[in-house]
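Enquirer: Going by the UniProt record's numbering, the first residue of the sequence shown is number 1, and it counts up by one from there.
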Amino acid sequence: CPQTYTVMSGNTCLLIESKTGVSDAQLHALDPSINSPCTGTFPFHLCMSIVADFTYNVVSGDTCVSIESKTGVSDSQLHVLNPPINGGCTNLQIGQVLCITGGWGVSSR
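See below:
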């Protein structure tokens, strides 16, 4: 699991969905005990994985700024979708495949 989110007792569906990017339907499918007003949450872990709609292959000379300019992705989104990129963007590798659009999705419970 690249990332997990711990659902705590009393979390609202809106809070869980906003923190994880999981849709309401996905959340209810994962935890059928959640009632329709979303007041029946109990502690469990969501296993999150990156779902990429569009990728970019790093080429010689690329920087985060140049990739952001070429693809239209924001700096924060580039880093969220590609956690291995360090804050200074000094560890890009030629041929590295980056997620450009998409988001975190649920892979399992």
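C-beta: ideal position from N, C-alpha, C; glycine also.
For Leu92, name the three-state secondary structure that DSSP assigns.
Expert: Coil, per DSSP.
Enquirer: Between which two residues does the alpha helix (DSSP H) containing Thr63 stretch?
Expert: Unbroken run through Thr63: none, as it is neither H nor E.
Enquirer: Could you give the distance in angstroms between the alpha-carbon of Tyr5 and the alpha-carbon of Ser18?
Expert: Straight-line Cα distance between these residues: approximately 12 Å.
Enquirer: Using the Cα positions of Thr20 and Val80, report the straight-line distance between them to the nearest angstrom.
Expert: Rounded to whole angstroms, Thr20 to Val80 spans 12 Å at the Cα level.
Enquirer: Between the Cα of Phe44 and those of Leu92, Gly10, Tyr56, spot the shortest distance and give me the residue it belongs to.
Expert: The residue with the shortest Cα to Cα distance from Phe44 is Gly10.
Enquirer: If you count every other CB in all the chains shown that lies within 10 Å of the CB of Val65, and 16 or more means buried, which is it?
Expert: Exposed, by the Cβ-count rule.
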